[in-house]
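Residue numbers for the sequence shown follow full-length UniProt numbering, so the first one is 1 and each next one is one higher.
By construction, the Cβ of each residue, glycine as well, lies at the ideal position given by its N, Cα and C atoms.
Nothing here was measured: the structure is a model prediction, and the numbers come from that model.
Worksheet: one structure, shown below.
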Amino acid sequence: MRRVNGTTLILAALVATLGALAFPIWSYADRSGTGQANLNASTVATQWGPLSATDRDFLVKVRLAGLWEIPAGQQAMERAPTEAVRNAGDHLVIGHTDLDQRVRSVAAKLGVELPNQPSAQQQGWLNEMSAASGKDYERKFANLLRDSHGKVFALIAQVRHTTRNSLVRELATDANQTVLDHITMLENTGDVDFDGIANEAAGTASASPSGPPAPNGQAPPDPAPAQPTGSPDATSRPSAEQTDGPGRSINTDRPAPTS
1 MRRVNGTTLI
11 LAALVATLGA
21 LAFPIWSYAD
31 RSGTGQANLN
41 ASTVATQWGP
51 LSATDRDFLV
61 KVRLAGLWEI
71 PAGQQAMERA
81 PTEAVRNAGD
91 HLVIGHTDLD
101 QRVRSVAAKL
111 GVELPNQPSA
121 QQQGWLNEMS
131 AASGKDYERK
141 FANLLRDSHG
151 KVFALIAQVR
161 HTTRNSLVRE
171 LATDANQTVL
181 DHITMLENTG
191 DVDFDGIANE
201 AAGTASASPS
211 GPPAPNGQAP
221 PDPAPAQPTG
231 SPDATSRPSA
241 EQTDGPGRSI
251 NTDRPAPTS
(Lines of atoms letter the chains of each structure in order from A; the text may use other names.)
(Lines give C-alpha, C1' and ligand atoms only; values in the text may rest on other atoms or scores of the structure.)
Protein backbone atom coordinates (compact mmCIF):
# COMPACT_ATOMS: atom_id res chain seq x y z
CA MET A 1 0.00 0.00 0.00
CA ARG A 2 2.86 2.34 0.85
CA ARG A 3 4.52 1.49 -2.49
CA VAL A 4 1.32 2.36 -4.41
CA ASN A 5 0.91 5.64 -2.55
CA GLY A 6 4.56 6.51 -3.22
CA THR A 7 4.19 5.80 -6.93
CA THR A 8 1.04 7.89 -7.07
CA LEU A 9 2.77 10.83 -5.43
CA ILE A 10 5.71 10.58 -7.84
CA LEU A 11 3.41 10.50 -10.86
CA ALA A 12 1.42 13.45 -9.55
CA ALA A 13 4.61 15.42 -9.02
CA LEU A 14 5.79 14.66 -12.58
CA VAL A 15 2.46 15.76 -14.06
CA ALA A 16 2.54 18.99 -12.05
CA THR A 17 6.11 19.70 -13.16
CA LEU A 18 5.34 19.08 -16.82
CA GLY A 19 2.29 21.30 -16.58
CA ALA A 20 4.29 24.12 -15.03
CA LEU A 21 6.88 23.88 -17.81
CA ALA A 22 4.34 23.71 -20.62
CA PHE A 23 2.00 26.46 -19.47
CA PRO A 24 4.31 29.38 -20.41
CA ILE A 25 4.72 27.89 -23.89
CA TRP A 26 0.99 27.44 -24.41
CA SER A 27 0.11 30.87 -23.09
CA TYR A 28 3.00 32.90 -24.54
CA ALA A 29 1.21 33.81 -27.76
CA ASP A 30 -1.67 35.29 -25.79
CA ARG A 31 0.40 37.43 -23.46
CA SER A 32 -0.09 41.17 -23.76
CA GLY A 33 2.89 42.90 -25.31
CA THR A 34 4.21 39.98 -27.33
CA GLY A 35 4.62 40.26 -31.08
CA GLN A 36 1.87 37.73 -31.68
CA ALA A 37 -0.51 39.54 -29.33
CA ASN A 38 0.21 42.87 -31.01
CA LEU A 39 -0.36 41.35 -34.44
CA ASN A 40 -3.67 39.84 -33.36
CA ALA A 41 -4.81 43.09 -31.73
CA SER A 42 -4.17 45.14 -34.88
CA THR A 43 -5.50 42.67 -37.45
CA VAL A 44 -9.03 42.54 -38.84
CA ALA A 45 -10.64 39.80 -40.89
CA THR A 46 -11.59 40.30 -44.55
CA GLN A 47 -12.73 37.95 -47.30
CA TRP A 48 -9.25 38.27 -48.88
CA GLY A 49 -7.44 37.31 -45.68
CA PRO A 50 -6.39 39.04 -42.44
CA LEU A 51 -5.53 42.74 -42.78
CA SER A 52 -2.81 43.93 -40.39
CA ALA A 53 -1.80 47.42 -39.29
CA THR A 54 1.30 47.15 -41.49
CA ASP A 55 -0.92 46.30 -44.46
CA ARG A 56 -3.06 49.37 -43.83
CA ASP A 57 0.00 51.57 -43.37
CA PHE A 58 1.31 50.32 -46.70
CA LEU A 59 -1.91 51.29 -48.48
CA VAL A 60 -1.78 54.80 -47.02
CA LYS A 61 1.83 55.24 -48.09
CA VAL A 62 1.15 54.11 -51.64
CA ARG A 63 -1.58 56.73 -51.86
CA LEU A 64 0.63 59.44 -50.37
CA ALA A 65 3.38 58.56 -52.81
CA GLY A 66 1.18 59.28 -55.77
CA LEU A 67 -0.05 62.54 -54.28
CA TRP A 68 3.41 64.11 -54.40
CA GLU A 69 5.32 62.07 -56.98
CA ILE A 70 2.83 62.52 -59.80
CA PRO A 71 3.09 66.34 -59.53
CA ALA A 72 6.88 66.00 -59.23
CA GLY A 73 6.99 63.95 -62.41
CA GLN A 74 4.73 66.36 -64.28
CA GLN A 75 6.92 69.27 -63.23
CA ALA A 76 10.06 67.48 -64.44
CA MET A 77 8.50 66.78 -67.83
CA GLU A 78 7.72 70.50 -68.22
CA ARG A 79 10.81 72.12 -66.70
CA ALA A 80 13.81 69.79 -66.91
CA PRO A 81 16.41 70.84 -69.52
CA THR A 82 17.69 67.29 -70.07
CA GLU A 83 15.94 64.34 -71.68
CA ALA A 84 17.03 61.90 -68.95
CA VAL A 85 15.23 63.89 -66.24
CA ARG A 86 12.16 64.35 -68.43
CA ASN A 87 12.07 60.58 -69.04
CA ALA A 88 12.32 59.92 -65.30
CA GLY A 89 9.42 62.30 -64.74
CA ASP A 90 7.39 60.48 -67.36
CA HIS A 91 7.96 57.14 -65.62
CA LEU A 92 6.93 58.66 -62.28
CA VAL A 93 3.65 59.92 -63.71
CA ILE A 94 2.77 56.68 -65.51
CA GLY A 95 3.82 54.37 -62.67
CA HIS A 96 2.15 56.25 -59.83
CA THR A 97 -1.01 56.97 -61.80
CA ASP A 98 -1.46 53.22 -62.19
CA LEU A 99 -0.57 52.47 -58.56
CA ASP A 100 -2.88 55.23 -57.34
CA GLN A 101 -5.81 53.74 -59.20
CA ARG A 102 -4.98 50.30 -57.85
CA VAL A 103 -4.57 51.38 -54.23
CA ARG A 104 -7.83 53.32 -54.21
CA SER A 105 -9.65 50.25 -55.52
CA VAL A 106 -8.01 47.93 -52.97
CA ALA A 107 -8.61 50.35 -50.09
CA ALA A 108 -12.29 50.69 -51.00
CA LYS A 109 -12.73 46.91 -50.90
CA LEU A 110 -10.90 46.61 -47.58
CA GLY A 111 -12.54 49.64 -45.96
CA VAL A 112 -9.27 51.56 -45.45
CA GLU A 113 -9.52 55.36 -45.45
CA LEU A 114 -6.90 57.08 -47.62
CA PRO A 115 -5.58 60.67 -47.54
CA ASN A 116 -6.39 63.15 -50.29
CA GLN A 117 -3.43 65.50 -49.85
CA PRO A 118 0.32 64.95 -49.56
CA SER A 119 1.90 65.35 -46.14
CA ALA A 120 3.38 68.68 -45.08
CA GLN A 121 6.87 67.30 -45.63
CA GLN A 122 6.03 66.02 -49.09
CA GLN A 123 4.59 69.40 -49.99
CA GLY A 124 7.82 70.90 -48.71
CA TRP A 125 9.81 68.73 -51.11
CA LEU A 126 7.63 69.89 -53.99
CA ASN A 127 8.12 73.51 -52.95
CA GLU A 128 11.87 72.96 -52.71
CA MET A 129 12.01 71.67 -56.27
CA SER A 130 9.72 74.42 -57.55
CA ALA A 131 12.07 77.07 -56.13
CA ALA A 132 15.11 75.57 -57.89
CA SER A 133 16.15 75.89 -61.52
CA GLY A 134 18.63 74.50 -64.01
CA LYS A 135 21.14 71.95 -62.74
CA ASP A 136 20.19 72.63 -59.13
CA TYR A 137 16.62 71.64 -59.95
CA GLU A 138 17.74 68.41 -61.60
CA ARG A 139 19.92 67.42 -58.65
CA LYS A 140 17.13 68.08 -56.15
CA PHE A 141 14.65 66.15 -58.26
CA ALA A 142 16.94 63.15 -58.72
CA ASN A 143 18.15 62.91 -55.12
CA LEU A 144 14.95 63.62 -53.22
CA LEU A 145 13.08 61.03 -55.27
CA ARG A 146 15.90 58.47 -55.47
CA ASP A 147 16.44 58.59 -51.70
CA SER A 148 12.72 58.21 -51.08
CA HIS A 149 12.30 55.30 -53.51
CA GLY A 150 15.35 53.51 -52.17
CA LYS A 151 14.05 53.45 -48.63
CA VAL A 152 10.65 52.08 -49.58
CA PHE A 153 12.15 48.70 -50.44
CA ALA A 154 12.18 47.74 -46.76
CA LEU A 155 8.44 48.33 -46.35
CA ILE A 156 7.48 46.68 -49.63
CA ALA A 157 9.63 43.65 -48.82
CA GLN A 158 8.13 43.38 -45.33
CA VAL A 159 4.57 43.61 -46.61
CA ARG A 160 5.17 41.25 -49.53
CA HIS A 161 6.80 38.74 -47.19
CA THR A 162 4.39 38.84 -44.25
CA THR A 163 0.95 39.89 -45.47
CA ARG A 164 -1.81 37.30 -45.33
CA ASN A 165 -4.12 39.41 -47.48
CA SER A 166 -4.18 38.50 -51.18
CA LEU A 167 -5.16 42.01 -52.37
CA VAL A 168 -2.32 43.62 -50.44
CA ARG A 169 0.13 40.98 -51.66
CA GLU A 170 -0.71 41.65 -55.31
CA LEU A 171 -0.36 45.41 -54.82
CA ALA A 172 3.00 44.98 -53.07
CA THR A 173 4.27 42.91 -55.99
CA ASP A 174 3.31 45.62 -58.48
CA ALA A 175 4.66 48.38 -56.23
CA ASN A 176 8.04 46.68 -56.02
CA GLN A 177 8.32 46.54 -59.81
CA THR A 178 7.28 50.17 -60.15
CA VAL A 179 9.75 51.38 -57.52
CA LEU A 180 12.64 49.52 -59.14
CA ASP A 181 11.78 51.07 -62.51
CA HIS A 182 11.74 54.54 -60.98
CA ILE A 183 15.04 53.99 -59.18
CA THR A 184 16.62 52.92 -62.46
CA MET A 185 15.32 55.96 -64.34
CA LEU A 186 16.41 58.37 -61.60
CA GLU A 187 19.90 56.88 -61.56
CA ASN A 188 20.07 57.20 -65.34
CA THR A 189 19.98 60.98 -64.93
CA GLY A 190 23.57 60.87 -63.65
CA ASP A 191 22.64 63.24 -60.79
CA VAL A 192 22.21 60.76 -57.93
CA ASP A 193 24.62 61.30 -55.02
CA PHE A 194 25.49 57.69 -54.15
CA ASP A 195 28.10 58.78 -51.58
CA GLY A 196 25.49 60.84 -49.77
CA ILE A 197 23.03 57.95 -49.73
CA ALA A 198 25.67 55.51 -48.43
CA ASN A 199 26.93 57.91 -45.76
CA GLU A 200 23.42 58.62 -44.54
CA ALA A 201 22.64 54.90 -44.33
CA ALA A 202 25.90 54.30 -42.45
CA GLY A 203 24.97 57.00 -39.97
CA THR A 204 21.77 55.18 -39.04
CA ALA A 205 23.30 51.67 -38.88
CA SER A 206 23.14 50.03 -35.45
CA ALA A 207 26.16 47.75 -35.84
CA SER A 208 29.41 47.51 -37.78
CA PRO A 209 29.08 45.42 -40.95
CA SER A 210 31.05 42.21 -41.30
CA GLY A 211 32.32 40.67 -44.48
CA PRO A 212 35.38 39.36 -46.33
CA PRO A 213 38.68 41.26 -46.04
CA ALA A 214 39.71 43.91 -48.53
CA PRO A 215 41.25 42.63 -51.81
CA ASN A 216 44.92 41.57 -51.62
CA GLY A 217 44.95 42.18 -47.89
CA GLN A 218 44.73 45.93 -48.36
CA ALA A 219 43.42 47.93 -45.44
CA PRO A 220 40.48 50.20 -46.26
CA PRO A 221 41.28 53.93 -46.18
CA ASP A 222 40.35 56.01 -43.16
CA PRO A 223 36.80 57.33 -43.54
CA ALA A 224 36.64 60.92 -44.70
CA PRO A 225 33.85 63.40 -43.96
CA ALA A 226 31.04 63.22 -46.48
CA GLN A 227 31.32 65.88 -49.14
CA PRO A 228 27.96 66.95 -50.59
CA THR A 229 27.80 67.03 -54.35
CA GLY A 230 24.82 69.24 -54.79
CA SER A 231 22.23 66.77 -53.55
CA PRO A 232 19.74 67.63 -50.80
CA ASP A 233 21.40 67.66 -47.38
CA ALA A 234 20.46 65.36 -44.54
CA THR A 235 17.64 67.61 -43.41
CA SER A 236 16.04 67.39 -46.81
CA ARG A 237 16.43 63.67 -47.39
CA PRO A 238 13.47 61.44 -46.59
CA SER A 239 14.27 59.48 -43.43
CA ALA A 240 13.99 55.72 -43.12
CA GLU A 241 10.49 56.10 -41.75
CA GLN A 242 9.66 58.70 -44.36
CA THR A 243 9.84 56.67 -47.48
CA ASP A 244 7.75 57.39 -50.44
CA GLY A 245 5.28 54.85 -49.63
CA PRO A 246 5.93 52.92 -52.99
CA GLY A 247 5.77 55.16 -53.87
CA ARG A 248 6.76 54.03 -50.46
CA SER A 249 7.35 53.32 -43.09
CA ILE A 250 7.58 50.81 -41.15
CA ASN A 251 10.74 55.90 -36.22
CA THR A 252 12.86 58.78 -36.37
CA ASP A 253 12.98 62.15 -34.68
CA ARG A 254 11.54 63.69 -37.83
CA PRO A 255 7.84 63.48 -38.66
CA ALA A 256 7.25 60.35 -40.73
CA PRO A 257 5.83 61.27 -44.15
CA THR A 258 4.56 58.20 -45.72
CA SER A 259 6.31 58.67 -48.93
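Leaving aside the five residues before and after residue i along the sequence, list all residues of the same chain whose C-beta is less than 8 Å from its C-beta, in chain order.
i	result
A107	L59, R63, E113, L114
residue 278	This structure gives no information on residue 278, because the portion of the chain shown stretches from 1 to 259.
T173	R160
P212	none
Please report the straight-line C-alpha distance between residue i and residue j, rounded to a whole angstrom.
i	j	result
G35	A41	10 Å
A80	F141	9 Å
A88	A37	43 Å
G66	D57	15 Å
V85	H149	16 Å
R102	L110	12 Å
L39	D136	45 Å
V192	A120	24 Å
S52	A202	31 Å
L126	N216	47 Å
T46	E200	40 Å
G49	L180	27 Å
V44	S105	18 Å
E170	N143	28 Å
I156	K61	10 Å
residue 330	E138	The requested residue 330 does not occur in the structure, where the chain is confined to residues 1 to 259.
For residue i, tell me which candidate among the options has the shortest Cα-Cα distance.
i	options	result
K151	T162, R164, H182	H182
E78	M129, G124, S105	M129
D90	A157, P118, K135, T189	T189
A72	L92, A131, T82, A120	L92
Q123	T97, W68, Q75, H161	W68
Q74	A53, S52, T97	T97
A154	T43, N176, E170	N176
E187	N199, L145, G134, K61	L145
Q117	I70, L171, M185	I70
M185	A76, T173, W48, V44	A76
With DSSP as the reference, please indicate the residues paired to residue i in a beta bridge.
i	result
V44	L51
If you drop the 5 nearest sequence neighbours on each side, which residues of the same chain put their C-beta closer than 7 Å to that of residue i?
i	result
D55	V159, T163, N165, V168
Output needed for residue i: all residues of its chain with C-beta closer than 6 Å, excluding positions within five of it in sequence on either side, in chain order.
i	result
A132	K140
E83	none
Segments assigned beta strand (DSSP E), at least 3 residues, entirely inside the UniProt domain "DUF4142" (54-187): Considered as a whole, the UniProt domain "DUF4142" (54-187) harbours no complete run of any beta strand (DSSP E) with no fewer than 3 residues.
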